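Just so you know, we're using full-length UniProt numbering here: the sequence shown kicks off at 1 and counts up by one. Backbone N, C-alpha and C fix where the C-beta goes; we use that ideal spot for every residue, glycine too. Note that the structure is a prediction, hence the values are computed from the model and not measured. This report refers to the structure that appears directly beneath it.
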Amino acid sequence: MSVAVPESAAALRASRAPRHALDAVVHPNPYSYYASLAARRPFDFDASLGMWVAAGPDALAQVLRHPACGVRPSGAVVPPALAHGPAGEWFAALVRMNDGAAHAAMKPWLKARLAALQAGRDSLAMLDEASQAACADAYLVCGNTPAARLDDFVFRQPVYALAAWLGVPSTQWTEVYEDVHALVAAMAEAGKPAPVEDVLTRAHHAATALRVRATRWLNADAATGTWLRDTARSAARDERIDFGALIANIVGLFTQTHDACAGLVANSVRRFAQSLCAPPPLVERSVAIRLVSDVIRFDPPVQNTRRFLHASAVIYDRKLAKGDTILAVLASAPSGTSADGIAWTFGLGAHACPGRSPATTLAIAGVHAILSSDADLASVAQSTAYHPLANARIARFAD
Ligand code: HEM
1 MSVAVPESAA ALRASRAPRH ALDAVVHPNP YSYYASLAAR RPFDFDASLG
51 MWVAAGPDAL AQVLRHPACG VRPSGAVVPP ALAHGPAGEW FAALVRMNDG
101 AAHAAMKPWL KARLAALQAG RDSLAMLDEA SQAACADAYL VCGNTPAARL
151 DDFVFRQPVY ALAAWLGVPS TQWTEVYEDV HALVAAMAEA GKPAPVEDVL
201 TRAHHAATAL RVRATRWLNA DAATGTWLRD TARSAARDER IDFGALIANI
251 VGLFTQTHDA CAGLVANSVR RFAQSLCAPP PLVERSVAIR LVSDVIRFDP
301 PVQNTRRFLH ASAVIYDRKL AKGDTILAVL ASAPSGTSAD GIAWTFGLGA
351 HACPGRSPAT TLAIAGVHAI LSSDADLASV AQSTAYHPLA NARIARFAD
């Protein structure tokens, strides 16, 4: 008589196809689903989501380059739950959340400034130091629980490392991280039908604290020769740069880093843990570089982004009305379909990510810190969960 072996919940979930493109973000292996979506329904309305879904390189390129597609709903740059407070004022000034003049005024400038971040030997040493500080703080917060510590670290480390790279004094890294974390949490909360008031209140306090800090960094708090001081000098010489918008967007660099880099670090660490069949020997930085590069191409941390119709339009031969929403599934375009093999992970068109190179460097520092630490990776190798987010794919190690 044969005895049925009960399947684990994870195995069961992996064997079922995702229900839709948002479910795919947290599915153990969404890539065959994405491939079939791109092949069979590259641009269609999904009634269960109430949105159009664009998949595959052609449909994505049409959406991301279409002038009628905005990054926020027409006339509602700020989500209503965040409006009327410092977090709403901050949100309204972000390049990420604006099209047209506000975007055009800041984006090329910000892109040029981010390109000035050099990954020389001194900078890499600074990123390693910040990563060690993040390890130590994750231990303080979570104690000796490897999975919880790792979950904390993957969010904390990229923010500490970016802070170090820009020139934020190390005494401020912990508080900057806590405030950035609060802002990101509120952005997700604001999209829910009944946002929790405390989460929003905390974000308004965080937005004020970060505005005050960033103003001080540009004025005097950051040391001479740092990216922040050079940025302040360059802005002072350029009359097109609005100082308030600059402050908001410097804070915005941290919020953009928070989830996206956490996904890159966490998914790389999981990939490594699952490949282990024995405790690892000494791990070189080159291993971290390869892991991060593989995750960027094959398991991207940002799986989708949204566009909102500001006018009626015909896209991919379908008629869309003003007010319609499109889910652009970046992770559905295989890595070989862009000129450099990885571009979809960082978006396309006017809003493409200007932080691609620093993001990669930040994540490599984080992955290398974990791989060369005594973290018990064997104990998290079986984890298959993801943080319950609608656009970022971030491996979660604790149950
Ligand atoms: C793994 C890490 C990262 C990934 C996968 C990623 C991906 C993306 C994507 C897909 C977009 C476009 C969103 C859209 O078109 O709707 C974007 C925008 C942006 N990213 Fe990144 N990002 C990462 C890290 C970073 C970092 C470290 C920074 C800054 C230091 C950064 C700064 C920005 C900014 C400012 C925008 C808005 C650009 C605009 O709207 O014009 N990102 N990112």
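Taking Arg237 as part of the beta strand (DSSP E), name the residues at either end of that continuous run. Element bounds for Arg237: n/a, residue is neither H nor E.
Where does Ala24 sit, in a helix, a strand or coil, going by DSSP? helix
Where does Tyr386 sit, in a helix, a strand or coil, going by DSSP? Tyr386: strand per DSSP, three-state reduction.
Mapping the DSSP letters down to three states, classify Lys192 as helix, strand or coil. Lys192: coil per DSSP, three-state reduction.
Between which two residues does the alpha helix (DSSP H) harbouring Phe45 extend? Run containing Phe45: none in the alpha helix (DSSP H); it sits in the beta strand (DSSP E), Phe43 to Asp46.
Measuring straight from C-alpha to C-alpha, what distance separates Asn144 and His387? So the two alpha carbons sit approximately 21 Å from each other.
Between Val176 and Ala163, how many whole angstroms is the CB-CB distance? I'm expecting something under 8 Å. 5 Å
Give the DSSP bridge partners of Val159, in chain order. BP columns for Val159 are empty, so no partner.
Once DSSP output is grouped into helix, strand and coil, what is the label at residue 402? There is simply no residue 402 to check, as the chain begins at 1 and stops at 399 in what is shown.
Among all the DSSP beta bridges, which residues are the ones paired with Phe308? Gly70 and Thr325
Give every residue of the same chain whose Cβ lies closer than 8 Å to the Cβ of Asn249, excluding the five residues on either side of it in the sequence, and list them in chain order. Ala93, Leu94, Val95, Met106 and Leu110
Check: Gly349 C-beta below 8 Å from any heavy atom of ligand 1: Indeed, a heavy atom of ligand 1 lies less than 8 Å from the Cβ.
First and last residue of the uninterrupted alpha helix (DSSP H) at Arg290: Arg285 to Phe298
On the criterion of 16 or more Cβ atoms from any shown chain inside 10 Å, does Arg72 qualify as buried, or is it exposed? buried
Under the DSSP definition of a beta bridge, which residues are partnered with Ala392? Val302
Which of helix, strand or coil does DSSP assign to Asp399? coil
In angstroms, rounded to a whole number, what distance separates the CA positions of Glu197 and Val78? 16 Å
With a 10 Å radius around its C-beta and 16 neighbouring C-beta atoms as the bar for buried, classify Ala369 as buried or exposed. By the 10 Å Cβ count, Ala369 comes out buried.
In the DSSP assignment, what are the bridge partners of Ala313? Leu320
Quick check on the burial criterion: 16 or more other C-beta atoms within 10 angstroms. Buried or exposed for Gln62? buried
Using the beta-carbon count (16 or more within 10 Å), is Gly341 buried or exposed? exposed
Do Arg237 and ligand 1 come close, with the Cβ less than 8 Å from some heavy atom? no
Does Val5 come out as helix, strand or coil in the three-state DSSP assignment? With a pLDDT of 42 at Val5, under the threshold of 50, the predicted position of this residue should be treated as unreliable, though the coordinate-derived value follows. Coil.
So, for Ala222: in the same chain, excluding its five sequence neighbours on each side, which residues have a beta-carbon less than 6 Å away from its beta-carbon? Gly167, Leu228 and Arg229
Taking the straight line between their C-alpha atoms, what separation do you get for Leu210 and Val159? 13 Å
Flag this pair as touching only if the region 264-274 and the region 148-159 have three or more C-beta atom pairs under 8 Å; answer yes or no. Segments in contact, yes.
For the alpha helix (DSSP H) that contains Leu371, what are its first and last residues? Counting along the chain, the alpha helix (DSSP H) containing Leu371 begins and ends at Arg356 to Leu371.
Take the Cβ of Ser383 as the centre, count every other Cβ of all protein chains shown within 10 Å, and call the residue buried at 16 or more, exposed below. buried
Check whether the region 125-134 and the region 356-367 are in contact - that is, three or more C-beta pairs closer than 8 Å. yes
With respect to 8 Å, is the separation between the Cβ of Lys192 and the closest non-hydrogen atom of ligand 1 below this value? no
Are the Cβ atoms of Leu309 and Val53 separated by less than 9 Å? Contact flag unset, no.
For Gly167, is the beta carbon positioned less than 8 Å from some heavy atom of ligand 1? no
CB-CB length for Val329 against Asn304, believed under 8 Å: The Cβ separation is near 5 Å, so the contact holds.
Within its chain, find whatever has a CB closer than 8 Å to the CB of Thr215; leave out the 5 residues flanking it on each side and keep chain order. Ile247
Under the DSSP definition of a beta bridge, which residues are partnered with Ala54? Phe43 and Ala328
Let me confirm a value: Pro30 is counted as buried when at least 16 other C-beta atoms fall within 10 Å, else exposed. Which label applies? buried
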